[in-house]
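Asker:
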Amino acid sequence: MASAAKTLLHPAAKPLLFVAALLPFAWLLYGAITNHLGANPAEYLIRATGDWTLRFLCLTLAVTPLRVIAKLPTLGRFRRMLGLFTYFYVVVHFLSYSWFDMGFDVADITKDIAKRPFILVGFSAFVLLTPLAATSFNRAIRWLGAKRWQTLHKLVYVIACLGILHFFWMRAGKHNFAEVAVYAAILAVLLGWRVWQFAIKRRSGGVASRTHPTTTGRTNPRTVSR
Ligand code: HEM
103 MASAAKTLLH PAAKPLLFVA ALLPFAWLLY GAITNHLGAN PAEYLIRATG
153 DWTLRFLCLT LAVTPLRVIA KLPTLGRFRR MLGLFTYFYV VVHFLSYSWF
203 DMGFDVADIT KDIAKRPFIL VGFSAFVLLT PLAATSFNRA IRWLGAKRWQ
253 TLHKLVYVIA CLGILHFFWM RAGKHNFAEV AVYAAILAVL LGWRVWQFAI
303 KRRSGGVASR THPTTTGRTN PRTVSR
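Numbering (this note's numbering) for the sequence shown: 103 to 328.
Written out as structure tokens, the structure is:
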């Protein structure tokens with residue numbers, strides 16, 4: 103375990119994760135440029151970026167349970183980057199839809215969001231993700247204060263449920279639920295773990311403070327539990 107913690111603390115660990123997280127995007131870009139995305143490249147791009155949004159959301163939510171179960175607190179340093187990549191992929195997903203399906207016509211996009219419930223649900227998840235991405239920096243944590251920051255970031259559970267509902271609704275027309283069931287099961291385990299932890303903490307006499315004030319009395323972003 104000590105060697106795992108040492109590897110995670112290696113100065114190259116974060117740059118490596120950054121490059122790895124960009125690989126799906128680079129692969130899609132390469133496929134688009136070389137015309138290797140199949141008969142319907144626009145549909146392929148929209149669907150693939152939707153899949154990667156959901157995968158990064160699952161990875162982001164998996165950090166805390168893994169950190170606690172594997173007793174590897176250093177894992178926490180990767181959570182912000184994974185969360186920001188979730189946002190990156192949803193932005194690319196939204197831009198692909200806006201460009202290839204809607205020709206960047208704002209009036210058409212607005213009408214489509216209002217008309218198709220699965221688009222409305224996806225769009226709501228996107229809107230809710232925006233303040234989380236915008237407040238993922240240390241200065242925002244200090245500005246909001248740890249308590250308010252943690253309350254705001256609980257929205258990620260609502261976003262996960264909306265993401266699954268969006269996927270389910272999209273696949274409902276095709277009666278193809280196998281992949282939806284896999285993602286729903288992963289998210290149910292990750293969210294269920296949090297509920298279970300919360301219940302344990304409550305039973306053992308209340309939730310202990312999860313932040314440690316600095317000597318100046320201000321929130322230290324490094325110690326805020328994410
Ligand atoms: C957190 C937010 C979102 C997540 C997690 C998400 C996830 C997904 C997933 C997993 C798919 C299916 C991919 C597949 O079939 O393999 C998908 C498809 C799609 N999403 Fe999203 N999405 C999100 C937000 C949005 C937004 C904001 C829009 C547009 C306003 C959007 C529009 C679409 C469209 C048009 C499709 C393809 C439908 C089709 O091909 O019939 N999504 N999304």
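Note that CB positions come from ideal geometry on N, CA and C, so glycine has one too.
To the nearest angstrom, how far is it from the Cα of Val-297 to the Cα of Met-183?
Answerer: Rounded to the nearest angstrom, the two C-alpha atoms are 24 Å apart.
Asker: Decide yes or no for the touch test of the region 189-198 against the region 141-160: beta carbon pairs closer than 8 Å, at least 3 of them.
Answerer: Yes, they touch.
Asker: With distances taken between CB atoms, is the gap from Ala-186 to Ala-235 smaller than 8 Å?
Answerer: Note on residue identity: the sequence assigns Leu, not Ala, to residue 186. Yes, the Cβ-Cβ distance between Leu-186 and Ala-235 is below 8 Å.
Asker: Can you name the start and end residues of the alpha helix (DSSP H) that Phe-329 belongs to?
Answerer: Because the chain is modelled from 103 through 328, residue 329 falls outside the range shown and cannot be assessed.
Asker: Is Phe-190 helix, strand or coil by DSSP?
Answerer: DSSP places Phe-190 in helix when its eight states are reduced to three.
Asker: Is Leu-156 near the ligand HEM - that is, is its Cβ less than 7 Å away from at least one heavy atom of it?
Answerer: The answer is yes for Leu-156.
Asker: In or out: Leu-118 buried (at least 16 other Cβ within 10 Å) or exposed?
Answerer: Looking at its Cβ environment, which holds fewer than 16 other Cβ atoms inside 10 Å, Leu-118 is exposed.
Asker: Less than 7 Å separating the Cβ of Ala-227 from some heavy atom of the ligand HEM?
Answerer: Flag set: Cβ of Ala-227 near the ligand HEM.
Asker: Quick one: what does DSSP say Arg-179 is sitting in, helix, strand or coil?
Answerer: Three-state result, Arg-179: helix.
Asker: Below 6 Å CB to CB, which residues in the same chain sit around Thr-317 once its five sequence neighbours on both sides are set aside?
Answerer: Reliability of the predicted coordinates at Thr-317 is poor, the pLDDT of 41 falling under 50, and no value is obtained from them.
Asker: Specify, as a first and last residue, the run of the alpha helix (DSSP H) that Asn-240 falls within.
Answerer: That run of the alpha helix (DSSP H) goes 240-246.
Asker: Can you name the start and end residues of the alpha helix (DSSP H) that Gly-307 belongs to?
Answerer: Where Gly-307 is concerned, there is no enclosing alpha helix (DSSP H), given that its DSSP letter is neither H nor E.
Asker: If you draw a straight line from the alpha carbon of Leu-60 to that of Gly-205, how long is it in whole angstroms?
Answerer: Given a span of 103 to 328 for the chain in the structure shown, any question on residue 60 remains unanswerable.
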